[in-house]
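Asks: In our numbering, the protein residues as written are 48 to 204.
Backbone N, C-alpha and C define an ideal beta-carbon position, used for all residues, glycine too.
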Amino acid sequence: MKKEIKVLISACLLGDNVKYSGGNNLTPELVTLLEKYNVDIVKVCPECFGGLPIPRVPSEIRENKVFSKDNRDITEEFLAGAEETLKVAKENEVNFVILKERSPSCGSTHIYDGSFSGNIIPGQGITAKRLTEEKIKVFSEENLEEIEKYLVELDKN
Numbered sequence: 048m049k050k051e052i053k054v055l056i057s058a059c060l061l062g063d064n065v066k067y068s069g070g071n072n073l074t075p076e077l078v079t080l081l082e083k084y085n086v087d088i089v090k091v092c093p094e095c096f097g098g099l100p101i102p103r104v105p106s107e108i109r110e111n112k113v114f115s116k117d118n119r120d121i122t123e124e125f126l127a128g129a130e131e132t133l134k135v136a137k138e139n140e141v142n143f144v145i146l147k148e149r150s151p152s153c154g155s156t157h158i159y160d161g162s163f164s165g166n167i168i169p170g171q172g173i174t175a176k177r178l179t180e181e182k183i184k185v186f187s188e189e190n191l192e193e194i195e196k197y198l199v200e201l202d203k204n
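Printed below as a string of structure tokens:
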């Protein structure tokens with residue numbers, strides 16, 4: 048019998064209105080891909096886990112801390128959200144994670160530079176970094192080909 052594939056995913060990518068603006072980042076191609084491989088989905092929003100409201104002031108990482116656009120240090124909320132996300136990932140024994148690119152929580156390869164000017168730099172969000180430290184495979188929703196290759200490999204086993 049094939050082993051079930053479990054994936055932890057940023058809830059905004061599946062259409063949940065949890066992003067800072069109160070909207071979502073629904074990615075239909077991702078939803079279709081996950082349905083194709085019949086994966087078991089575990090939805091999370093690290094920022095909500097950290098107690099941040101919806102909507103909330105935009106935030107970015109600067110000097111390894113997270114600041115809201117109104118210059119409040121909200122690093123602790125982001126760290127709490129990362130720890131809760133890690134706990135959920137471990138409890139559910141997920142095979143891998145798909146997080147929202149460029150987010151200060153979820154960016155897996157790129158984040159905004161902290162100047163609130165739209166500049167993007169290489170880097171990881173707080174949650175993506177925490178999961179990576181624990182050797183949990185993290186993908187961006189923008190890398191559907193990589194995700195599908197990984198799903199094919201998991202599906203073989």
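1. So G170 and I108 are in contact, right, with Cβ under 8 Å, and what is the actual spacing, rounded?
2. Pick out whichever of E123, V78, N111, L73 has its Cα sitting closest to the Cα of L99.
3. Quick one: what's got a C-beta closer than 8 Å to M48's C-beta in the same chain, skipping five residues either side?
4. If you reduce the DSSP assignment to three classes, tell me which class S184 lands in.
5. So what does DSSP say about L77, is it helix, strand or coil?
6. Return the Cβ separation of L191 and L80 in integer angstroms, given the expectation that the two are a contact with Cβ distance under 8 Å.
7. Smallest Cα separation from G6: which of Y159, I183, E181?
8. Quick check on the DSSP output: the alpha helix (DSSP H) that includes F163 runs from which residue to which?
9. Can you tell me the Cβ-Cβ gap for V54 and N142, rounded? I've got them flagged as a contact below 8 Å.
10. Round the Cβ separation of Y84 and I56 to the nearest angstrom and send it over; I've been treating them as touching at under 8 Å.
11. Does the distance from the C-beta atom of V135 to that of V65 stay below 9 Å?
12. With a threshold of 8 Å (Cβ to nearest heavy atom), would E130 be considered close to the ligand NAP?
13. For I145, which of helix, strand or coil comes out of DSSP?
14. Assuming E188 and L73 are in contact, meaning their beta carbons sit under 8 Å apart, how far apart are those beta carbons, in whole angstroms?
15. By DSSP, does M48 sit in helix, in strand, or in coil?
Replies: A quick look at the data gives this:
1. As a working note, residue 170 is residue 123 in the sequence shown. As a working note, residue 108 is residue 61 in the sequence shown. Correct: roughly 7 Å between the Cβ atoms.
2. Reading the sequence shown from its first residue, position 52 is the one you call residue 99. The shortest Cα separation from L99 among E123, V78, N111, L73 belongs to E123.
3. For the purposes of this step, residue 48 is taken as the residue at position 1 of the sequence shown. Interpretation of M48 is limited by its pLDDT of 46, a score under 50 that renders its predicted location unreliable; the figure taken from the coordinates is listed afterwards. Excluding positions up to five away in sequence, the list is empty.
4. Along the sequence shown, one-based indexing puts residue 184 at 137. Contrary to the premise, residue 184 reads as Lys rather than Ser in this sequence. It is coil, neither helix nor strand.
5. Locating residue 77 in the sequence shown gives position 30, where the first residue counts as 1. Helix, per DSSP.
6. Here the question's residue 191 lines up with position 144 in the sequence shown. Here the question's residue 80 lines up with position 33 in the sequence shown. So it is a contact: roughly 6 Å between Cβ atoms.
7. Residue 6 is absent from the structure shown; the chain starts at 48 and stops at 204.
8. Here residue 163 refers to the residue found at position 116 of the sequence shown. Segment: none, F163 is in no alpha helix (DSSP H) and carries neither H nor E.
9. As a first step, residue 54 is located in the sequence shown; it is residue number 7 there, counting from the start. As a first step, residue 142 is located in the sequence shown; it is residue number 95 there, counting from the start. Indeed, because the Cβ distance is near 6 Å, the residues count as touching under 8 Å.
10. As a position in the sequence shown, residue 84 is number 37, starting the count at 1. As a position in the sequence shown, residue 56 is number 9, starting the count at 1. About 13 Å; that fails the 8 Å criterion.
11. Numbered from 1 along the sequence shown, position 88 holds the residue referred to as residue 135. Numbered from 1 along the sequence shown, position 18 holds the residue referred to as residue 65. Not a contact, by the Cβ cut-off of 9 Å.
12. The model depicted lacks the ligand NAP and carries no ligand whatsoever.
13. Counting from one through the sequence shown, the residue named residue 145 turns up at place 98. If DSSP states are grouped into helix, strand and coil, I145 belongs with the strands.
14. In the sequence shown, counting from the first residue as 1, residue 188 sits at position 141. In the sequence shown, counting from the first residue as 1, residue 73 sits at position 26. That pair is no contact at about 10 Å.
15. In the sequence shown, residue 48 corresponds to position 1, counting from 1. In this prediction, M48 scores a pLDDT of 46, lower than 50, which makes its location untrustworthy; no coordinate-derived value is stated.
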